[in-house]
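Novice:
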Amino acid sequence: MDTWDAIRARRNVRTYENRPLADGDLDRILEAAWRSPSASNRQPWDFVVTTDRATMGELATVWAGARHLADAAAVVVMTLRHPDEERFVGIDQYDLGQATMAMMLAATDRGIGSGHAAIGDQAACRQILGVPDDRICAYMLAFGYPADRPLTPIAHPDRRPFDEVVHRGHW
Numbered sequence: 229m230d231t232w233d234a235i236r237a238r239r240n241v242r243t244y245e246n247r248p249l250a251d252g253d254l255d256r257i258l259e260a261a262w263r264s265p266s267a268s269n270r271q272p273w274d275f276v277v278t279t280d281r282a283t284m285g286e287l288a289t290v291w292a293g294a295r296h297l298a299d300a301a302a303v304v305v306m307t308l309r310h311p312d313e314e315r316f317v318g319i320d321q322y323d324l325g326q327a328t329m330a331m332m333l334a335a336t337d338r339g340i341g342s343g344h345a346a347i348g349d350q351a352a353c354r355q356i357l358g359v360p361d362d363r364i365c366a367y368m369l370a371f372g373y374p375a376d377r378p379l380t381p382i383a384h385p386d387r388r389p390f391d392e393v394v395h396r397g398h399w
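Each number in our numbering corresponds to the 1-based position in the sequence shown with 228 added.
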């Protein structure tokens, strides 16, 4: 799939087929995160990946909107260092957003769906994965083959009108 098709085909997937991801596909997704841009190349992140069904089931309990993680083929938990300075809070979140989109597009390119989730219970997430206390469990991404329909470019996405969102030259 070319990049433009991957951008148009990507959508949040919350139901998955019961089949594993190929190791090479999962590594490609993780490498996309590893290669993603970072302000001043700080790379404040670490990524914890699991394919263990019991672990994914536990992770599904750390946020009300994370139930889909239990049935995924893999889950990546994105962590951040506690920032040294207040100014890095937003910068680090932006960096994680870039890593998130890179993983989602790499997955879409392979026909693999993704669905994001927040983390409400930091202590539980740290305990489940053994994440050190100097890290913030920031977000989670579930990956798997979509159970409902394949990832193909969406001709008419449910989005606000383009001309209402894009302001050229001024508001």
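Even for Gly, the Cβ is constructed at its ideal location relative to N, Cα and C.
With a threshold of 8 angstroms on Cβ separation, who are the neighbours of R363 within its own chain once the five nearest residues in sequence on each side are excluded?
Specialist: Only D274, T307, L308, R309, H310 and R354 meet the Cβ criterion.
Novice: Nearest by alpha-carbon distance to G372: which of P265, R236 and L249 is it?
Specialist: For the residues P265, R236 and L249, the minimum Cα distance to G372 belongs to L249.
Novice: Determine the direct distance from the alpha carbon of G343 to that of A366, and round the result to whole angstroms.
Specialist: If you take the alpha carbons of A366 and G343, they lie about 15 angstroms apart.
Novice: Between W291, D255 and P265, which lies nearest to T401 when the distance is taken from Cα to Cα?
Specialist: This structure leaves residue 401 out entirely; the chain is present only between 229 and 399.
Novice: Please list the segments of the alpha helix (DSSP H) lying wholly inside the stretch 251-292, counting only runs of 4 or more residues, in order along the chain.
Specialist: Runs found: 251-263 and 281-287.
Novice: Keeping to the same chain, check which residues put their C-beta closer than 7 angstroms to that of D376; ignore five residues upstream and five downstream.
Specialist: Answer for D376: T243, listed in chain order.
Novice: Where DSSP assigns a beta bridge to A345, which residues make up the other side?
Specialist: Answer is M368, bridged to A345.
Novice: If the criterion is Cβ atoms closer than 7 angstroms, does the pair A234 and L333 meet it?
Specialist: Yes, the pair counts as a contact, with Cβ atoms nearer than the cut-off.
Novice: Can you have a look at G341 and say buried or exposed, based on whether 16 or more other CB atoms are within 10 angstroms of its CB?
Specialist: Classification of G341: buried, given that the 10 Å Cβ count is 16 or more.
Novice: Looking only at C-alpha atoms, which of F316, N240 and D251 sits nearest to G293?
Specialist: Taking only the C-alpha atoms, the option nearest G293 is N240.
Novice: Use the C-beta contact count for S268: other C-beta atoms within 10 angstroms, 16 or more gives buried, fewer gives exposed.
Specialist: That one is exposed.
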